[in-house]
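One structure is given here, and the rest of the page talks about it.
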Amino acid sequence: MKRVSLFLIIGLSLLAVEVRTNIPLVYHEGSHELIGSFTLVFSDNDFPNATPQNPVYIRFRLLQANGWSKSLVDLRPGAPAAINQPINIALYPSGNSITNPALPADAVQLVRVIQGEKEGWLRINRSSALWAFRNGIPTSPSVEGPIGLTVGISGYASVRPDTNTVTGGNEYADGSSVATTELCANYENTLNFNPGDLEYIDFVSYLADTTGVETAFTVVPGTNSGVTFSNDNQIARGELYVARLEYHLQPDSYDNPPHQLELSRIDAVDLWNLCQDIPTVYLTNASDFAWEPGTVIYLCMADFTPAWIGSFAPYSASDEVFLSQSSSPRISSAFSAKWQIDPIIHKGVFAGYSFKLIQGSHPAHGAIAVDGLRSCLNNEIPEATLNLAAYASVLNNFVTDGEKVELGPRIRATAKMQQVNKPAYRTVIPYTAYDKKDWNCLTTFVNNSGKKATLSAFLYNRYGIELRLWSQKKLEPRASIQLDIEQEFGALAKTVLAWVEVLSDQPIAAISRLEDDDKQMLDYFSGVQEFKSILIAPHVPSRPELWGATGYIVSSNLIDEAEYFVKYPGSEDSRIRSILVPGSTAVIREQDFEAGRPGWFQVSTDKPAGSGLLIYNKLTGPGQLASVPMEHGADTQWTFDHLGNTFAGWWNGLVLVNPQMISISVTLSAYDAEHRLLNVQDVEVAPDSRTVDVVENLMPGLAGISPSRLEIESEYPIVSMLLIGIDNLDILTSIPGKQATSTQLLMPYISPDPNDWHGMALVNPNDKSALVKLTPYTALGVAGPETTLAMPADGKTVWLLEELFPSLRSYRSLRIESTRPVRGIVLTGNNARTQLATIKLVP
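Numbering (the working numbering), first residue to last: 7 to 849.
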């Protein structure tokens with residue numbers, strides 16, 4: 007009889023649910039102590055009849071604590087939304103078994119852990135006959151193939167292979183992310199929990215007649231299911247002093263979802279990775295004693311283990327998601343302790359940072375805030391989560407007897423990164439002087455907003471291959487920054503990088519300065535912000551023995567492939583010779599002009615895709631240079647707000663292009679500065695041709711008169727431009743016939759050279775006077791003394807900026823604010839009269 011009884015007892019224990027726990031030390035009077043975790047291992051078909059309609063419950067209960075110190079799940083009506091959903095508990099193989107791949111994620115759920123209560127509840131929603139998988143069919147756990155679950159750990163630590171949940175770990179019921187099930191208890195003023203005492207947890211299973219678990223303040227247990235649990239139920243040990251570290255993402259909570267980071271191309275830091283700053287994270291001394299000098303905290307990648315932990319494993323950095331070594335971590339706290347920050351480098355591989363307490367003490371329950379960390383994602387990975395682990399080696403001469411106590415890891419999902427198509431401002435610099443050995447291109451970017459801006463520049467060769475990145479430049483409001491390709495990337499890069507794409511989160515004005523080594527040639531052109539389907543080069547100088555003329559066509563739409571066609575006067579459209587894939591540059595040179603140099607040409611695409619710049623320069627002697635953005639299509643109205651004074655030796659050359667197949671009559675109207683009409687002249691432009699001459703020849707009625715402004719109207723759309731220069735000097739510049747009219751304009755560049763001058767011409771096209779305020783800004787965005795000037799109705803005013811601002815060289819840009827919309831241009835040159843250029847004002 008005794009032998010039979012012994013056999014039955016042994017048999018029952020084998021079939022009982024095995025309980026496994028860990029036993030951390032907790033402060034015996036602590037009000038919020040992290041106790042151990044428990045694992046339940048199932049080796050039988052313990053819940054064969056469980057369904058969502060008739061679930062089985064497992065109650066777990068603390069014996070010593072006053073209750074839970076933090077709620078994890080509260081499904082009762084009116085509970086806070088953050089805890090008002092179940093947590094799916096991952097089922098995983100515990101030995102030589104396989105979890106049923108078709109088992110729903112809600113098979114087992116944590117449905118009640120409420121602050122102040124001593125009991126927690128698991129709900130079994132799916133028959134245990136379906137939990138495992140053997141020989142291709144669902145089956146129940148067995149002694150040979152057990153299935154386990156774990157409660158009391160962080161969401162990250164719960165992730166395993168071959169589970170039944172979406173995330174692979176314990177997760178929120180909506181599958182949005184992993185969820186912590188860490189259990190914290192309150193031992194304040196307990197009578198029977200003293201240093202050295204053990205905390206216990208017991209388990210009982212009840213059938214579906216249990217009521218109130220999800221709905222009531224009091225749970226009424228139903229019928230005992232008969233499932234037994236092993237008695238390995240010690241889950242904490244009381245201590246007088248407990249060393250404890252917490253790593254968390256919010257100042258008032260130890261358990262939070264990861265920071266959400268949305269990344270786009272503007273966040274690129276190199277050709278492969280996107281990076282973004284992580285919001286503040288916190289490291290807290292959750293001990294009941296102060297940390298003293300010699301204490302070191304480690305914050306590192308979760309798969310890196312500091313050597314002192316003991317079971318050190320080789321570490322290799324992830325190339326998909328990682329903590330950036332270019333981070334600049336900063337520590338702040340409400341306490342006077344001083345910390346030393348050092349990178350953790352293991353065998354040449356960066357793993358994180360250490361924070362060493364070198365002066366003062368860090369009190370119990372005191373937190374330090376860590377800023378300046380950067381999270382990075384490979385640009386081929388759509389989304390990933392950065393997990394960081396915190397360790398500590400803490401010291402208190404009294405409590406730890408001068409010996410360091412090792413803590414951790416405290417692992418948190420820190421940054422959930424996702425690539426998105428984030429709206430951004432895009433600017434294209436279509437040319438960099440890459441093909442001119444003795445030319446230089448300096449590009450200035452100005453933050454044209456009242457907010458801080460971030461910009462990244464991507465540099466391509468003429469074949470559309472991205473070769474360099476000028477990343478994440480931070481600009482204060484109104485501040486500016488300059489890009490010199492040779493200085494930034496070297497002499498070889500200058501000969502290869504053909505154009506620049508700039509992305510910014512605030513409006514950015516871009517202007518490029520072209521200049522030769524001898525400082526004889528000079529011009530400026532603005533960045534392009536729109537794709538064009540028609541690019542017109544309105545003027546190609548005759549006499550190729552004297553003038554170089556080159557068109558640069560950039561397929562700057564990097565997404566849509568387009569077909570490109572070129573049309574010369576008197577010919578049909580033909581496919582452009584260069585093969586233009588997105589990002590590539592077609593160069594139209596002398597050899598492309600089959601029937602000799604045309605007076606003008608047009609490039610068209612089957613969709614908006616291109617940017618273009620026409621450059622012509624004198625080939626011999628002191629240089630002349632003009633850059634003409636191919637950004638304006640044909641129109642019936644053109645306005646030139648500034649003509650050179652012919653009595654002072656200036657000449658004004660007007661270009662009229664008729665791209666139509668019919669003759670067009672063009673009306674030229676000349677005005678003085680106050681917009682008083684001086685002369686009107688009709689000019690006939692032949693079909694598909696160009697007319698070019700000085701204004702005085704096109705308008706004979708201007709004999710003895712020097713106009714200040716010129717307006718053009720035509721019956722059908724034409725293209726026009728104005729060239730101005732000085733007689734007997736090899737200098738000229740182009741004046742655009744389309745200018746932005748706005749109450750706010752920006753002059754994006756001021757030359758620092760004391761030998762340069764800047765003349766601004768502003769037009770008030772309104773029938774009422776306007777007040778115009780001019781404010782210069784330094785490269786750092788610091789405003790200088792402002793000047794306010796009156797402008798008459800429908801009038802034009804010209805200023806020499808050096809006279810308005812004696813310290814003009816100290817500034818890098820000029821902001822124009824007007825009570826009424828105005829427009830204008832800036833002419834600039836040098837006192838030696840060897841250079842002349844136009845700076846476009848940007849709205």
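Using N, Cα and C, we set each Cβ at its ideal position, and we do this for glycine too.
Helix or strand or just coil, what does DSSP make of Arg-829? Note: Arg-829 maps to strand in three-state DSSP.
CA nearest to the CA of Ala-185, picked from Gln-115, Asp-238, Arg-129: Nearest Cα to Ala-185 within the set Gln-115, Asp-238, Arg-129: Gln-115.
For Pro-349, is the classification buried or exposed, using 16 other Cβ atoms within 10 angstroms of its Cβ as the cut-off for buried? Exposed, since its Cβ has fewer than 16 Cβ neighbours within 10 Å.
Could you tell me the distance, in whole angstroms, from the CA atom of Ser-2 to the CA atom of Ile-351? Shown here, the chain extends from 7 to 849; a query on residue 2 therefore has no answer.
Buried versus exposed, by CB contacts within 10 Å (16 or more), Lys-624: With 16 or more neighbouring CB atoms inside 10 Å of its own CB, Lys-624 falls in the buried class.
Is the segment 531–546 touching the segment 606–615 in the sense that three or more CB pairs, one from each, lie closer than 8 Å? The way I'd put it, the segment 606–615 does touch the segment 531–546; three or more beta-carbon pairs between them come closer than 8 Å.
Inter-residue spacing [alpha-carbon to alpha-carbon] between Leu-20 and Val-376: For Leu-20, the pLDDT reaches just 45, beneath the cut-off of 50, and the residue's location in the model is therefore unreliable, although a value from the coordinates is still provided. If you draw a straight line from the Cα of Leu-20 to the Cα of Val-376, it is about 50 Å long.
Assigned secondary structure, Asp-80 (DSSP; H/G/I helix, E/B strand, else coil): Three-state result, Asp-80: strand.
Whole angstroms is fine: what's the gap from Lys-8's alpha carbon to Arg-26's? With a pLDDT of only 32 at Lys-8, under 50, the local geometry of the prediction cannot be trusted, and the value read off the model is given with reservation. Lys-8 and Arg-26 have their C-alpha atoms some 30 Å from each other.
Around the Cβ of Asp-490, are there at least 16 other Cβ atoms within 10 angstroms (buried) or fewer (exposed)? Around the C-beta of Asp-490, fewer than 16 other C-beta atoms lie within 10 Å, and the residue is accordingly described as exposed.
Confirm, please, whether the CB-CB distance from Leu-78 to Leu-189 is below 9 Å. A contact, by the Cβ cut-off of 9 Å.
Are the CB atoms of Val-411 and Val-426 within a distance shorter than 9 Å? Going by C-beta atoms, Val-426 is not nearer than 9 Å to Val-411.
Tyr-469 by DSSP, collapsed to three states: which one? Strand, per DSSP.
Tell me whether Thr-652 sits in a helix, a strand or coil according to DSSP, three-state version. When secondary structure is reduced to three states using DSSP, Thr-652 falls in the helix class.
Under the rule that 16 or more other beta-carbon atoms within 10 Å means buried, what is Met-667, buried or exposed? Met-667 is exposed by the Cβ-count criterion.
Exposed unless 16 or more other CB atoms sit within 10 angstroms - verdict on Ile-730: Buried is the label assigned to Ile-730, since at least 16 other Cβ atoms lie within 10 Å of its Cβ.
Work out the CA separation of Leu-833 and Leu-810 for me, nearest whole Å. One C-alpha to the other measures close to 15 Å.
Report yes if the CB atom of Ser-486 is closer than 9 Å to the CB atom of Ala-785, and no otherwise. The answer is yes: Cβ separation under 9 Å.
Whole-angstrom C-beta distance between Leu-738 and Leu-660, which should lie under 8 Å: Their Cβ separation, rounded to whole angstroms, is 13 Å, which puts Leu-660 and Leu-738 out of contact at 8 Å.
Cβ distance (whole Å) where Val-663 is taken to contact Trp-606 below 8 Å: About 5 Å; that satisfies the 8 Å criterion.
According to DSSP, simplified to helix, strand and coil, what is Thr-840? Residue state, collapsed to three classes: coil.
Using a 10 Å radius around the Cβ and a threshold of 16 neighbouring Cβ atoms, would you call Asp-5 buried or exposed? Because the chain spans 7 through 849 in this model, residue 5 falls outside it and cannot be assessed.
Name the two residues that bound the continuous beta strand (DSSP E) containing Val-5. As displayed, the chain neither begins before 7 nor continues past 849, which places residue 5 out of reach and without an answer.
According to DSSP, is Asn-761 helix, strand or coil? In this structure, DSSP gives Asn-761 a state outside helix and strand, which the three-state scheme calls coil.
Mind listing, in chain order, the continuous beta strand (DSSP E) runs of no fewer than 3 residues lying wholly within the segment 355–430? Segments of the beta strand (DSSP E) lying fully in the segment 355–430: 355–365, 373–377, 380–384, 389–400, 411–425.
Let me confirm a value: Gln-365 is counted as buried when at least 16 other C-beta atoms fall within 10 Å, else exposed. Which label applies? Exposed: under 16 other Cβ atoms inside 10 Å.
Run the CB neighbour count on Phe-223, radius 10 Å, all protein chains shown included, and call it buried at 16 or more, exposed below. Within a 10 Å sphere around the beta-carbon of Phe-223 sit fewer than 16 other beta-carbons, which makes this residue exposed.
Kindly indicate the opening and closing residues of the beta strand (DSSP E) around Glu-521. Where Glu-521 is concerned, the enclosing beta strand (DSSP E) stretches over 514–522.
Below 9 Å between beta carbons: does that hold for Tyr-253 and Ser-293? Contact: no.
Could you tell me whether the segment 460–476 touches the segment 493–511, where touching means 3 or more Cβ pairs closer than 8 Å? Taking 8 Å as the limit for Cβ pairs, the verdict is that the segment 493–511 does touch the segment 460–476.
Inter-residue spacing [alpha-carbon to alpha-carbon] between Gln-932 and Leu-631: A query on residue 932 cannot be resolved here, the shown segment of the chain reaching from 7 to 849 and no further.
Tell me whether Gly-707 is buried or exposed, calling it buried when 16 or more other Cβ atoms sit within 10 Å of its Cβ. With fewer than 16 other beta carbons inside 10 angstroms of its own, Gly-707 counts as exposed.
In chain order, which continuous runs of the beta strand (DSSP E) of length 3 or greater are located wholly inside the segment 24–68? Listed in chain order, the complete beta strand (DSSP E) runs (minimum 3 residues) inside the segment 24–68 are 24–27, 31–33, 44–48, 62–68.
Can you round the beta-carbon distance between Gly-557 and Gly-618 to whole angstroms, since I take them to be within the 8 Å contact cut? Right, their Cβ atoms sit about 6 Å apart.
Could you please give the first and the last residue of the uninterrupted beta strand (DSSP E) stretch that includes Ala-135? The continuous stretches of beta strand (DSSP E) do not include Ala-135, and DSSP gives it neither H nor E.
Taking its Cβ as the centre, do 16 or more other Cβ atoms sit within 10 Å of Phe-209, making it buried, or is it exposed? Buried.
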